[in-house]
Amino acid sequence: MRAQPARDFFISYASADRRWAEWIAVELERVGYSTFVQSFDFRPGTDFVHRMQHATATSGRTIAVLSPAYLGSAFGEAEWRTAFARDPSGEHGLLLPVRIEPCEPPGMLATRVYVDLVGVTEAVAREKLLAAVDRNPSRPTTAAYPGGHRATADGDTEPARFPGRPSPDRGRAVPHELPSDVPDFVGRGAEIRTLLAALGPGRRGTGGVSVVAVYGPPGVGKTALAVHAGHRLVEAFPDGQLYADLRGNLTEPGDPGEALAAFLRAFGLRDGDIAESLDERAARYRSLLHGRRVLVVLDNAADERQIRPLLPGAPTAAVLITARAAPVGIDGALPVALDPLPPAAAARLLRHIAGPRARGLSDQARQIVEHCGRLPLAVRIAGARLLVDPHLDARSYSELLADESRRLDELSIGDRAVRASVNVSYAALEPVQQYVFRLLGSIGPVTFAPWLATALAGLDAPRAEAALRGLVRAQLVQAARDGRYRLHDLVRLFAAERAAEAGDDERRAAVRRAADACCGLVERINARVLPAGDGGVTADARTPEDALAQFRTERETLLTLAERLAAPDTADAAWRLVVLLPALLQMVGDWTGWQRVTRAVLTAAAGSGDDYAYARVLLGWAAVRREKGALDEAADSYRRAHDLLEAAGDTDWQAQALAGLGAVRREQGRMADAAATLDAAIALFRRCGNRRGEALALSNLGTTLLNQGQDSAAEEAFRDSRATFESLGDRRWVAYCLGDLADLYGRRGSWAEAGDHQERALAILRAYDDQLGIARSHGHLAEIRQAEGRYDRAVEHALAGLRIVTDLGAPLERARSLERLAGLCERTGDPEGAARYRHELTTSQRPAE
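Structural data, given as C-alpha cells:
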C-alpha cells in the first residue's frame, strides 16, 4: 500500500454525521486546504485501523465533529485524544471541535473552544468555520480535489450539500420588514457605534438575547436611529429582520398579540396555524426563531408588558427597542438615551432637507435649528417648510419662529407636527401629572428644583415629586444631575398652551404660590448673607457662603419668574420678589439680569397704579443704573422714589432712597450735597431703628468726608460703621469697612497698615465669592503697591481687577481699572501700554444702556 501524503486536516466524525464531515471537507478544500475524511479517502479492502491511525498522526490538525453520537463513540474519542495529546495546552490549535448538534463536550474536550454551527444557515456556517481555521493559519497544501468535487466510497460525485438548516434561497421565508432608511440621516455617531457593538456580530453576551432600548423625548429621532442602525446590521442577521410599530406613542398602544401574529405570518405561517392565545403565539414565535439570526425592531414601545411577549428566547436573535421611557423592567436591556442633535449636526440636517433654500444663510440656519430646540422632528419640519413654500425664506421663517406664541403653529407640515407628537405623551399622563406639567410651562425657560414645582402645584412635597418623576419617565421633563429639572423649549411651549387652556385662575394662583415660595427663599438667603443682628430668620443654607452659593444656583430661575410675573394681574407678586434681589445681585455681579428684570417689573408697577410698589422697584432701578454709570438717571430715580415713599409715610425706605442719592452725589463729585444727603439718611435710619441702613450710610459718609479732607471725621464714621456690622455679624460689610480704613491709611501715607487692612478685606470677600468686592479690593491693592514702589505686584492686582469687572459687565468699575493701568504704565516707563489702555478706555465709554 502506497502511503498517502500528509493532509492539513483530519476530520473525525461519527457515521451518523457523515454529511457534515463531507461538507466541512469540501468547504476547506475550496479555499486550498487538503483534508482526510473517511467517506472520501477510505476504500474497501484497505487496513482501516492502520489508515485511520496514520491519518490522525500525519495530518496537521484534527476537526472533531461534535454531536451526541460522536461523544458516545469510542473511535471518535480515540481520535480526538490523539490530537489533544499532540497539543495539550491548545496553544497551536491542533484540535478544533465543531459542534453540529446541541451537546456538551466532556472532560478535556471541554477545555477547547468549539465552533458552534447549531441552527445556522450555510453562509453563516461557512463564515464561522473558515474564521476559526484562519485563527491559527498555516500554509495550506494543495487540495486533493480542488473545487470540492470528490467521490465518496460508494462512487457519489455530487458536491456535498449543506446538512444543516436550509439557506434562505431554498424556500424558507426570510422577512425583510425594516422601513426604508432615512436618506439624509446625520449625526448620532456615538449612538450608532453603541448599537452596532451591542447587536452586531462581535457582540458579547451571557447567553441571553441581546436587547438595546433607545429612549428619549418626543421627536428626538428614535425611530430614524433604530431603522438606520437596523439597515447597518442586515448582514449580521441573514435569517431576517422583523419590524413592528407598537404605537406606544398613541392613546391606544398596539396589541402584542397582533404583533406576534404578524411576525408568525412573516415566517410563512397561515392564519389557521396561528393560535388565539398570547402565550401560545409567543411560544411558537420563540420556537420559530430558535437558532436563527434574526433582528427584531420594536418601535414606539409603550411599556415592559407590551415588550416581553415579543422577546425571542435564543441568543442568536437580537432586539432593538425604541420608547419614550427606558424599559427598566426588561432584564439585561442596554439603555441608550437620545438627546437633541448637536448644533452643527442639526444645521447640517436642515441644509440637507431644505437644499438651496438654506445655502449661504448659516446664521439664519443656526437660528432656525435653535428655535427648533435641535429636535430632529422639528428640524425636518422646518426644512420641509422651506423647501416647499416659495414665499418663505430662511430669514423670514426664523423671525416667525422667534415668536414663542406661534412657534408650534409654524412647526407643522402635512401629517407631521411637533404639537401632536408631544400631545401623545401628555394625553397618557395621570391627571395630577398633567396638572403639574402644564403649570411648569408658566415659569419660563429655566431649570428648577423640586421645591418650586411643589409651590406651583400647591401639593405636598411627596406628591409633587412623584408627579415630577412620572413626567421624567414620560420624557416631558428632563432631569439634571444636580437634582434640578428643565423642560425642552418646545415641550415648555406646549405646556404653556395647556396652562392657557386651563384658565387664568389656575395659572395666577400657581405663579403667586411660586412667588411666595421664592420670596421666602430670598428672605432666608438675605438673612444669612446680610444679617440684621436679631437672629430671627434661619436660612436653608448653614453659612453665608452656602447661602450665596444657593442664590447663584437659583438666580436665573428667580429672575425669570419675576419677569414672567411682570404682568398687570400679577404685578404685585413681581415687585414683592424683585425688591428682595438687589443686594444679592450686586454681590454676584449680575447687572444685566438685574437691569432686564427690574425694567420689566418697573413697567408693570407703573401700570398697576400702585405708587408705593412703583417707588420700591424704582429704588432698585436707580441702584442698577448707578452701577451701569448712568449717574444722572440714577439720581433722578432716587429723588422720585424718595418723594413717593415720603408721601406713603415709609421712613425706612425713604432713608434708603436718600442713602442711594447721597452715594450718587459723591460719585458725581458733589461732596457737600452728598454729605448733607447722607446725614439726612442717617437721621432717618436712627429714627426707625435700622442699624444696618445706618452703618451703610456711615460708610458712604466716611468716604465723602475723606474726599473733603476731613480725615478724623471720616475715620470716626468708618469705625462706627465697622463696629455696627461686627455686632450684626455681617462679615462681608466688615470687609468693606476694612477697605475704607485702608483708604484712610493710604491718605496718611501708612502704606503697610493700608495694605494689611486691604489684604484682610480681600480674604473675607473671596470667602463670600463677592466678585465686585474682590475686583474693587484688587484695585485698591494696586494703588497701595504702586505707592510702595512694588510695580509688578501693582500691575498683577490691577489686571486681576480688570478681568473681573470686564466679565461682570460693570462699566464704571472697568473705566476705573483702565485708568489705573494707564497710570501704572506711565509710572513704569511704558507709554505704549498707557496709550493702549487709554484708547480702550475712550472706545468703551459709551452712553449707559
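Residues 28 to 876 (the working numbering) are what the sequence shown spells out, left to right. The C-beta atom is built at its ideal place from N, Cα and C for all residues, glycine as well.
Determine the contact status of residue i and residue j, defining contact as a CB-CB distance below 9 Å.
| i | j | result |
| --- | --- | --- |
| Val346 | Leu322 | yes |
| Ala661 | Ala649 | yes |
| Thr109 | Thr83 | yes |
| Asp767 | Phe745 | yes |
| Asn727 | Gly696 | no |
| Ala682 | Ala668 | no |
| Gly243 | Val201 | no |
| Trp47 | Ser94 | yes |
| Gln333 | Gly275 | yes |
| Gln505 | Arg513 | yes |
| Gly616 | Ile831 | yes |
| Ala825 | Leu851 | yes |
| Leu755 | Arg719 | yes |
Between the options, which has its C-alpha nearest residue i's C-alpha?
| i | options | result |
| --- | --- | --- |
| Trp618 | Ala593, Ala657 and Ala631 | Ala657 |
| Ala484 | Phe464, Ala794 and Gly248 | Phe464 |
| Arg34 | Trp47, Arg45, Ser42 and Glu56 | Glu56 |
| Ala240 | Thr704, Glu823, Leu361 and Glu457 | Leu361 |
| Glu204 | Pro265, Asp161 and Pro245 | Pro265 |
| Ala794 | Gln735, Glu743 and Met614 | Met614 |
| Phe521 | Val473, Leu557, Thr730 and Ser469 | Ser469 |
| Pro245 | Val518, Leu629 and Asp532 | Val518 |
| Arg126 | Gly191, Gly676, Gly59 and Glu218 | Gly191 |
| Asp700 | Phe712, Leu711 and Ala686 | Ala686 |
| Pro403 | Phe294, Ala574 and Arg443 | Arg443 |
| Leu277 | Asn553, His379 and Leu456 | Leu456 |
| Arg603 | Ala554, Thr580, Ala263 and Ala541 | Ala541 |
| Val644 | Ala598, Gly214, Arg830 and Thr678 | Ala598 |
| Asn450 | Leu808, Glu524, Glu694 and Gly720 | Glu524 |
| Thr7 | Gln460, Ala501, Pro472 and Arg500 | This structure cannot speak to residue 7, because the chain is shown only from 28 to 876. |
| Asp366 | Gly356, His379, Trp778 and Ala352 | Ala352 |
Could you tell me if the beta carbon of residue i falls within a distance shorter than 8 Å of some heavy atom in the ligand ZN?
| i | result |
| --- | --- |
| Thr597 | Of the ligands one can find in the structure shown there are none, so the ligand ZN has no counterpart to examine. |
When we look at the beta-carbon of residue i and count the other beta-carbons within 10 Å, is it buried (16 or more) or exposed?
| i | result |
| --- | --- |
| Val261 | exposed |
| Gly563 | Residue placement at Gly563 cannot be trusted, given a pLDDT of 36 that sits under 50; what the coordinates show is reported in the next sentence. Classification for Gly563: exposed. |
| Gly103 | buried |
| Ser432 | exposed |
| Pro129 | exposed |
| Val606 | buried |
| Glu303 | exposed |
| Ser7 | With the chain represented from 28 up to 876, any question about residue 7 goes unanswered, as that position is not in the structure. |
| Thr565 | For Thr565, the pLDDT reaches just 39, beneath the cut-off of 50, and the residue's location in the model is therefore unreliable, although a value from the coordinates is still provided. Looking at its Cβ environment, which holds fewer than 16 other Cβ atoms inside 10 Å, Thr565 is exposed. |
| His805 | buried |
| Ser42 | exposed |
| Arg45 | buried |
| Ser207 | exposed |
| Val140 | exposed |
| Phe105 | With the sequence shown as reference, residue 105 is identified as Ala, and Phe is not the correct amino acid for it. Exposed: under 16 other Cβ atoms inside 10 Å. |
| Pro838 | buried |
| Asp183 | At Asp183, the pLDDT of 49 sits below 50, so the modelled position is not reliable; the number obtained from the coordinates is stated separately. Flag for Asp183 reads exposed. |
| His515 | buried |
| Val415 | exposed |
| Asp770 | buried |
| Ala862 | exposed |
| Arg412 | buried |
| Thr704 | buried |
| Gly174 | Annotation note: pLDDT 43 at Gly174 (below 50); position unreliable, coordinate value reported separately. Burial call: exposed. |
| His866 | exposed |
| Glu654 | buried |
| Arg508 | exposed |
Please check the pair residue i and residue j, which I expect to be a contact at CB under 8 Å, by giving their CB distance rounded to whole angstroms.
| i | j | result |
| --- | --- | --- |
| Arg308 | Ala344 | Contact flag wrong, Cβ pair sits at about 16 Å. |
| Pro595 | Gly634 | 6 Å |
| Ala750 | Leu792 | Contact flag wrong, Cβ pair sits at about 19 Å. |
| Ala631 | Ala593 | 4 Å |
| Arg88 | Phe36 | 5 Å |
| Thr584 | Leu479 | 7 Å |
Report task. Count the CB pairs spanning the segment 531-548 and the segment 571-589 that are closer than 8 Å, and state whether there are at least three. Result -> yes
Query raised in the report: Counting pairs of beta carbons, one from the segment 347-357 and one from the segment 372-381, are three or more of them closer than 8 Å?
Result: These segments do not touch.
Query raised in the report: Does the segment 215-228 come close enough to the segment 388-400 that 3 or more CB-CB pairs lie under 8 Å?
Result: no
Query raised in the report: Do the segment 471-488 and the segment 525-541 touch if we need at least three Cβ pairs shorter than 8 Å?
Result: yes
Query raised in the report: Would you say the segment 114-126 touches the segment 142-159, given that touching needs at least three Cβ pairs under 8 Å?
Result: yes
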